[in-house]
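A.B. asks: Let me give you the structure first, and then I'll get to my questions.
Numbering (UniProt numbering), first residue to last: 1 to 70.
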């Protein structure tokens, strides 16, 4: 998972496992506070379950203070 700070927004990029793909899908979300402002997924739809999976994973890491901005 790659986390970047974009001013007052946070961009999170990562690969999310999926039943419909062997290698998973690459997902990118942009957060403003705790809200998802924008997102993109390789599956082609927005919003999708892959975006919410990455969001939950990011929030879990954030609450455990493991997030480092790169």
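A virtual CB, placed ideally from N, CA and C, is assigned to each residue, including glycine.
Using C-beta distances below 6 Å, list every residue in its chain close to residue 4, excluding the 5 sequence neighbours before and after it, in chain order.
C.D. replies: Counting only Cβ-Cβ distances below 6 Å, and skipping sequence neighbours, we find 11.
A.B. asks: In angstroms, rounded to a whole number, what distance separates the CA positions of residue 63 and residue 55?
C.D. replies: Using only the alpha carbons, I get a separation of about 12 Å.
A.B. asks: In this structure, does DSSP put residue 28 in helix, strand or coil?
C.D. replies: Here residue 28 sits in strand by DSSP.
A.B. asks: Identify whether residue 74 lies in helix, strand or coil by the three-state DSSP scheme.
C.D. replies: Any question about residue 74 goes unanswered here, given that the chain covers just 1 to 70.
A.B. asks: Between the C-alpha atoms of residue 22 and residue 43, what's the straight-line distance to the nearest angstrom?
C.D. replies: Looking at the two C-alpha atoms, the distance is approximately 13 Å.
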